[in-house]
Ligand SMILES: [Zn+2]
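Numbering (the working numbering), first residue to last: 100 to 573.
Spelled out as structure tokens, the structure:
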């Protein structure tokens, strides 16, 4: 049988190794992947989003044992695995021994040990406490090690020395003594989800000033905002999508006033639907945007999957924000959590609007597969100055540590693959890593350069980022 030359050339061509990307740069020298990873390990990290319970708070609570590590992601997956709400309430409202807690948790852990949230917990106990598994025989020794750790400066050692975090942005409790590196976002959602007489009265009591009119209500928001500016907030945080849609529309003052009058004239337990309250909430949202613009505050918004159970995912679709993003071109909007599962929508929005930042915090823990895919996509689509990589969105430092290792692994893999194809040079990949893990957040939140070794804490040596952290406790 004779083949035509064209057919032979076609077959030869089709058997050549396929390249996923255009080769623009020369192929890298061998060892580039470990050099990229080592470079990433030298970087100072800006951690843009945490809900950490500070050491002072922990000492007064019920959580200074293994259960600390299940806050909140681990518990969410126990509930998702079927743990009844009554048991969950029991865990949080009573002082129980570690073993009693474990007996409640164990059946649901055995149905959810597979998830990313729970693998992160296992990684932390292995590498920070030298314990291989979570089970009836390890609960007591692990809890003992956790209690001992928090007798030391464990909190700072994990965040500063192991994770090399130069700044951490907290969405939560004030942490005394951490002012040099912990900064705060502040929430004003009490105005944005307002729909009851009780809610209105609470705002008045908080500012020790009565609210008789819509103007008073606007003034109360201004006062609260300006107080937080003085306290040094670095951004506004909006979590309204846990309760209502992010579809904040234009609202005229008269419609807002009607809702206000309805609330202010109601009995103490008067409450209206989110939909009926929307004109007032939307009006106050625009007032908040006016303040953010005036003071040059970035606005960080929870988008995508909400923690907990039973939430409406569509409420948090970033597409709802397009009108707002277009209306306020001089406000920088930071869309949190890689908008899981709306990564494609987020790509399109961020490509179209230069005042949108993608922040991947928490998405590493939610789904490593999702974030790997979308990090590839965002690098190909979005100018790198508007990509921000890391925040753990965690309540315990151990989980920040594990999630950061995970994030660094994925970032290294994604960049190395692109370097291996000649899509980026090794140097370009390092520039990208530095920008997304540090420089972009430093610029956006106006964080001054800080010497990471100025805190004078004994170093925790990372022997091998994938294998072991040597601490005094393991
Ligand atoms: Zn959060």
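In this text, a Cβ means the ideal position worked out from N, Cα and C, and glycines have one as well.
Since this is a predicted model, take the numbers as computed values, not measurements.
Check, Outcome
"Presumed contact (8 Å Cβ cut-off) between residue 165 and residue 233, rounded CB distance", "7 Å"
"9 Å Cβ cutoff met for residue 257 and residue 241", "no"
"Exposed unless 16 or more other CB atoms sit within 10 angstroms - verdict on residue 502", "buried"
"Residue 150 beta carbon near ligand 1 (any heavy atom closer than 8 Å)", "yes"
"CA-to-CA distance, residue 413 to residue 361, given in whole angstroms", "28 Å"
"Status (buried if at least 16 other CB within 10 Å, exposed otherwise) for residue 448", "buried"
"Residue 456 CB to nearest heavy atom of ligand 1 below 8 Å", "no"
"Proximity of residue 514 and residue 523 at Cβ, strictly below 9 Å", "yes"
"Residue 492: CB within 8 Å of a non-hydrogen atom of ligand 1", "yes"
"Buried versus exposed call for residue 198 [16 or more other C-beta atoms within 10 Å across all chains shown]", "exposed"
"Check whether residue 273 and residue 283 have beta carbons under 9 Å apart", "yes"
"Nearest neighbour of residue 453, chosen from 467, 433, 393 [CA to CA]", "433"
"Proximity below 9 Å, CB of residue 192 to CB of residue 406", "no"
"Residue 163 and residue 249 closer than 9 Å at C-beta", "yes"
"Complete beta strand (DSSP E) runs within the segment 276-362 (minimum length 3 residues, chain order)", "281-286, 334-337"
"Own chain residues within Cβ distance below 8 Å of residue 175, not counting five before or after", "216, 406, 407, 408"
"Straight-line Cα distance separating residue 495 from residue 167", "7 Å"
"Three-state secondary structure assigned by DSSP to residue 165", "helix"
"Residue burial classification, residue 451 (beta-carbon count within 10 angstroms, cutoff 16)", "exposed"
"Between the CA atoms of residue 227 and residue 350 - distance to the nearest angstrom", "52 Å"
"Beta-carbon proximity of residue 460 to residue 441, cut-off 9 Å", "no"
"Reference residue 462, options 470, 333, 430, closest by Cα", "470"
"Simplified DSSP state of residue 537, which is helix, strand or coil", "helix"
"Residue 148, DSSP secondary structure in three states", "strand"
"Local conformation of residue 126 per DSSP, three classes", "coil"
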